[in-house]
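For reference, the structure discussed in these notes is given below.
Numbering (our numbering), first residue to last: 3 to 364.
The structure is reproduced here in structure tokens:
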């Protein structure tokens with residue numbers, strides 16, 4: 003196997019390609035030595051930020067810059083969940099906008115303005131990718147995890163407003179990721195804690211949950227995140243994240259999605275209670291996923307990468323699957339690298355953003 007250089011490290015080409023398909027979590031507000039060592043051995047494709055990484059804007063911008071410097075040729079993507087409302091990882095002075103449903107009540111113009119403001123604040127600290135917009139339909143009032151994170155209960159309205167947010171974010175130069183395919187809006191369980199099961203028929207799924215995803219695919223959304231949910235009518239044995247019937251047969255072949263398929267965090271209990279980190283990674287890639295999230299435990303990420311290497315070596319996972327996923331992930335990273343521009347840090351918490359936020363709370 004030939005070798006290739008990534009940053010200062012020299013690693014086998016296959017391991018480098020596999021590692022690019024993983025997104026890591028990091029423990030601190032600065033880039034720690036453990037994460038540097040991990041990247042030297044297994045040059046991951048991105049880092050996802052959480053509340054534990056939140057700091058004042060200059061510190062966060064320095065963190066993103068340090069992550070980008072890990073590979074100056076093709077920097078790892080810096081990602082974050084940034085929806086507003088309950089899903090907001092950053093502290094003041096970052097503007098904390100209301101949840102999607104509250105913004106949607108003010109119409110498409112408000113959705114566009116909020117998405118633009120949020121994208122500018124993220125770009126100012128060097129974030130490349132926001133795991134938004136939510137494409138789930140708020141079809142179940144008892145849902146414990148989506149609720150007001152969804153724009154609406156009507157599929158067409160969700161599609162329209164989510165695509166407004168997507169286009170506004172893209173105009174700033176950030177990558178977006180619609181979620182959670184094929185829909186998390188009609189669950190009664192939280193996939194962070196257990197595996198939800200949806201018993202809707204294929205026809206009902208097509209009429210509701212799938213509508214915003216179809217529209218997003220047509221509009222050119224570059225990435226979709228999977229749901230850790232079992233859809234009995236689509237695959238009675240495996241949750242969507244690990245289901246070839248859902249990710250390849252439905253999403254790729256029937257719906258024609260050509261972008262990056264990203265898993266939700268594979269350490270969530272909907273997956274981790276039933277599969278080990280290596281088993282989950284191999285199954286997700288075999289199902290058709292391209293980019294895998296291990297948001298908290300770097301040891302789990304190491305185990306997962308090693309498991310994928312073994313699966314390729316023994317023929318359980320064809321190397322062509324890795325090559326195809328790698329091409330998609332690299333194309334996405336290059337798109338962002340070409341559009342990365344300096345945004346003044348003064349945009350964070352700007353008066354205009356504060357006025358916009360206040361107008362949505364009246």
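Even for Gly, the Cβ is constructed at its ideal location relative to N, Cα and C.
On a CA-only basis, which of 23, 14 and 13 is nearest residue 2? Give me that one, please.
For residue 2 there is no data in the structure shown, the boundaries of the chain being 3 and 364.
In whole angstroms, what separates the C-alpha of residue 166 from that of residue 14?
What you label residue 166 is simply residue 164 of the chain shown in a count that begins at 1. What you label residue 14 is simply residue 12 of the chain shown in a count that begins at 1. Between residue 166 and residue 14, the C-alpha separation is close to 42 Å.
Please return the same chain residues whose Cβ sits closer than 6 Å to the Cβ of residue 4, not counting the five positions on each side in sequence.
Taking the chain shown and counting its residues from 1, one reaches residue 4 at position 2. The pLDDT assigned to residue 4 is 39, lower than 50, so where the model puts this residue is not dependable; a value taken from the coordinates is nonetheless given after this. Cβ within range, chain order: 15.
Enumerate in chain order the residues of its own chain whose CB-to-CB distance from residue 174 is below 7 Å, with the five nearest sequence positions on each side excluded.
If you number the chain shown from 1, residue 174 lands on position 172. Here the set comprises 118, 121, 122 and 125.
Would you mind working out which of 309, 317, 64 and 86 sits nearest residue 32, comparing C-alpha positions?
To locate residue 32, count along the chain shown from 1; it is residue 30. Out of 309, 317, 64 and 86, 64 has the C-alpha closest to the C-alpha of residue 32.
Could you tell me which uninterrupted alpha helix (DSSP H) segments, each at least 4 residues in length, are contained entirely in the segment 183–246, listed from first to last along the chain?
As far as the segment 183–246 is concerned, its whole alpha helix (DSSP H) runs of at least 4 residues are 204–209 and 212–221.
Considering just the uninterrupted stretch of the beta strand (DSSP E) at residue 294, what are its terminal residues?
Within the chain shown, residue 294 is the residue found at index 292, counting from 1. Its beta strand (DSSP E) spans residues 293–296.
I'd like the ranges of any beta strand (DSSP E) spanning at least 3 consecutive residues and lying wholly in the segment 288–327.
293–296
Are residue 85 and residue 136 touching if we call contact CB-CB under 8 Å?
In the chain shown, counting from the first residue as 1, residue 85 sits at position 83. In the chain shown, counting from the first residue as 1, residue 136 sits at position 134. Result yes, Cβ atoms of residue 85 and residue 136 sit closer than 8 Å.
From the DSSP output, read off the bridge partner residues of residue 264.
What you label residue 264 is simply residue 262 of the chain shown in a count that begins at 1. Under the DSSP definition of a beta bridge, residue 264 partners with 227 and 293.
Which residue's Cα is closest to the Cα of residue 272: 247, 240, 258 and 148?
Position 270 of the chain shown holds residue 272. Minimum Cα distance to residue 272 is reached at 240.
Starting from residue 355 and walking both ways along the alpha helix (DSSP H), at which residues does that stretch end?
Sequence index remark: in the chain shown, residue 355 carries index 353 (1-based). Its alpha helix (DSSP H) spans residues 353–361.
Within 10 angstroms of its Cβ, does residue 238 collect 16 or more other Cβ (buried), or is it exposed?
Here residue 238 is taken as the residue at index 236 of the chain shown, counted from 1. Exposed, because fewer than 16 other Cβ atoms sit within 10 Å of the Cβ of residue 238.
Quick check on the DSSP output: the beta strand (DSSP E) that includes residue 25 runs from which residue to which?
By one-based count along the chain shown, residue 25 stands at place 23. Secondary structure note for residue 25: its beta strand (DSSP E) is the uninterrupted segment 24–27.
Nearest to residue 170 by alpha carbon, out of 215, 77 and 132?
On the chain shown, position 168 is the one that residue 170 refers to. The shortest Cα separation from residue 170 among 215, 77 and 132 belongs to 132.
Determine which residues share a DSSP beta bridge with residue 174 and list them.
Walking along the chain shown from the start, residue 174 turns up at place 172. As far as DSSP is concerned, residue 174 takes part in no beta bridge.
Please tell me whether residue 178 and residue 224 are closer than 8 Å, where the distance is taken between their beta carbons.
Locating residue 178 in the chain shown gives position 176, where the first residue counts as 1. Locating residue 224 in the chain shown gives position 222, where the first residue counts as 1. Contact flag set, yes.
Could you tell me the boundaries of the alpha helix (DSSP H) in which residue 60 lies?
Taking the first residue of the chain shown as position 1, residue 60 is located at position 58. Counting along the chain, the unbroken alpha helix (DSSP H) around residue 60 starts and ends at 59–70.
Tell me which residue opens and which closes the alpha helix (DSSP H) that residue 79 is part of.
Reading the chain shown from its first residue, position 77 is the one you call residue 79. Segment 79–82 is the beta strand (DSSP E) holding residue 79; no alpha helix (DSSP H) there.
Starting from residue 49, follow the beta strand (DSSP E) in both directions and report where the run begins and ends.
Counting from one through the chain shown, the residue named residue 49 turns up at place 47. Per DSSP, residue 49 belongs to the beta strand (DSSP E) from 48–51.
Kindly give me the distance between the Cβ atoms of residue 284 and residue 319, rounded to whole angstroms, as I take these residues to be in contact under 8 Å.
Residue 284 sits at position 282 when you count from the first residue of the chain shown. Residue 319 sits at position 317 when you count from the first residue of the chain shown. Correct: roughly 6 Å between the Cβ atoms.
Helix, strand or coil for residue 90 per DSSP?
Taking the chain shown and counting its residues from 1, the one referred to as residue 90 is at position 88. It is a strand residue.
Below 8 Å between beta carbons: does that hold for residue 228 and residue 182?
Within the chain shown, residue 228 is the residue found at index 226, counting from 1. Within the chain shown, residue 182 is the residue found at index 180, counting from 1. In this structure, residue 182 lies closer than 8 Å to residue 228 by Cβ.
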